[in-house]
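Participant: Structure in structure tokens, see below.
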Amino acid sequence: MEMSHRGKAFSSILAQAQSDLRELLAIPDNYKVMFLQGGGTSQFSALPLNLTKAGDTVDYIVTGSWSKKAAQEAQAYGLKVNVAAKGDMASVPDRASWKLSDNATYACYCDNETIQGVEFKAPPEVGDTLLVADMSSNFCSKPVDVSKYGVIFAGAQKNIGPAGVVVVIAREDLLGKSRQETPTVMDYQTMQDSLHNTPPCWSIYMCGLIFSHMLKGGGIEAYARKNRGKAQVLYSAIENSDGFYHSPVARANRSNMNAPFTIPRSQDLEKEFIAAATKQGLTELKGHRSVGGMRASIYNSMPDEGVEALVAFMKDFANKHA
Ligand SMILES: Cc1ncc(COP(=O)(O)O)c(C=O)c1O
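According to the working numbering, the residues represented by the sequence shown are 956 to 1277, in order.
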């Protein structure tokens, strides 16, 4: 923590973290990899500031709370914010119903809605429009074709490291176009080497350890396989509960990271479920306050045994209350 951020030791930590992430996600050479501060939320402002001029049109595809917040934040920058698609927050709206603009500077979406548990299984089709993605809650959980994107950003705290750092992967030709009023620490051109000011050195070090651990553990495909397997076990338990549990999310869009579920019979039973689970060491199962119910977050570091323990508890609880 006391290392100079321009010293040899930290420079090599930063370079290694960047190159390991590049290897992990096969990031093409014409993309910059930045570790910035301010979390995922900072990018809701950084995007318009770096990519647009006042008066531009931007498209947002709203599938849950985070894409909604991103679209709201963009309103502050004198843009024509077109919500091109807004679903029921439990599915990705049918592509045919989207109303994308002809002249949007970018189209922004959230690849995994952490609260609602709605995940895109492929990048959305937006024609020639620059595609921008918030991957905060499924970053490094599966392979991603970076070349399809202008900018990808991800708060670190789900799969790769401590809160506060946000990874920004931006295509080189998009740098250097920021608005004059862009705060320096948000300006991609200035921040591209992550060294304009003191970066979050410790957090970058931690992210670097995770990237290296993931490479040694079989790389991104191995993690994606494991994540699909865990999600399959959990959703099957919900499906096979004779309606005791319910997943509100459309099957095709169910997230491999966050699985919200309810007990349709009664909210009191949900409370009892959460309390009894917590007693058994199965913690953090309460759904987000805006949606209620339960939510099992099964990020990369959740082992198979964790999901199996939850599923066993779910079966037992359902039997007791059948
Ligand atoms: C999908 C998504 N986007 C953005 C954010 C905001 O990230 P932060 O809290 O790091 O600002 C979160 C936080 O959980 C998130 O899940």
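Backbone N, C-alpha and C define an ideal beta-carbon position, used for all residues, glycine too. Computed from a predicted structure; not experimentally measured.
(1) Is it the case that the stretch 990-1010 contacts the stretch 1108-1115, given that we only count it when at least three CB pairs across the two stretches are under 8 Å?
(2) Based on Cα-Cα distance, which residue from Leu1224, Asn1037, Trp1021, Leu1004 lies nearest to Val1013?
(3) Compare the C-alpha of Leu1129 against each of Tyr1104, Ile982, Val1122, Gly1163 and name the closest.
(4) Can you tell me whether Gly1072 is buried or exposed? The criterion is at least 16 other CB atoms within 10 Å of its CB, across all chains shown.
(5) What three-state label does DSSP hand Pro1215 in the structure shown?
(6) Does the Cβ of Gln1187 have 16 or more other Cβ atoms within 10 Å, making it buried, or fewer, making it exposed?
(7) Report whether the distance from the Cβ of Cys1065 to the nearest heavy atom of ligand 1 is below 7 Å.
(8) Use the C-beta contact count for Met956: other C-beta atoms within 10 angstroms, 16 or more gives buried, fewer gives exposed.
(9) Which same chain residues, not among the five before or five after Lys1241, have their C-beta less than 6 Å away from its C-beta?
(10) Cα separation between Ala945 and Ile1159?
(11) At which residue ranges does the stretch 963-1021 contain complete beta strand (DSSP E) runs of 3 or more residues, listed in the order of the chain?
(12) Do you know how far the Cα of Gln1027 is from the Cα of Gly1033?
(13) What is the DSSP secondary structure of Glu1074, reduced to helix, strand or coil?
(14) When DSSP builds the beta bridges, which residues end up paired with Ser1252?
(15) So Phe1199 and Gly1248 are supposed to be a Cβ contact under 8 Å. How far apart are they, rounded?
(16) Just curious, the alpha helix (DSSP H) that Val1262 is in, first and last residue?
(17) Quick one: using the 10 Å Cβ neighbour count with 16 as the cut-off for buried, is Arg1244 buried or exposed?
(18) Run through DSSP, which three-state label would His1243 get?
(19) Our contact map puts Asp1089 next to Ser1022 with C-beta atoms below 8 Å; I'd like the distance itself, whole angstroms only.
(20) When DSSP labels each residue in this structure, what does Ala1109 get in the three-state scheme?
(21) By the DSSP assignment, the beta strand (DSSP E) with Leu1224 in it spans what residues?
(22) What does the Cβ neighbour count give for Gly1082, buried or exposed, with the cut at 16 atoms within 10 Å?
Facilitator: On the basis of the coordinates in this document:
(1) yes
(2) Considering only alpha carbons, the answer is Asn1037.
(3) Tyr1104
(4) With 16 or more Cβ atoms within 10 Å of its Cβ, Gly1072 is classed as buried.
(5) Reduced to three states, the DSSP call for Pro1215 is strand.
(6) exposed
(7) yes
(8) exposed
(9) Ile1229
(10) What the structure shows of the chain is the stretch from 956 to 1277, and residue 945 is not part of that stretch, so it cannot be assessed.
(11) The qualifying runs are 986-992, 1012-1017.
(12) 12 Å
(13) strand
(14) Asn1213
(15) Rounded to whole angstroms, the Cβ separation of Phe1199 and Gly1248 is 13 Å, and the two are not in contact under 8 Å.
(16) 1259-1275
(17) exposed
(18) In this structure, His1243 counts as coil in the three-state DSSP scheme.
(19) 7 Å
(20) strand
(21) Leu1224 -> not in any beta strand (DSSP E); alpha helix (DSSP H) instead, spanning 1222-1234.
(22) Exposed, since its Cβ has fewer than 16 Cβ neighbours within 10 Å.
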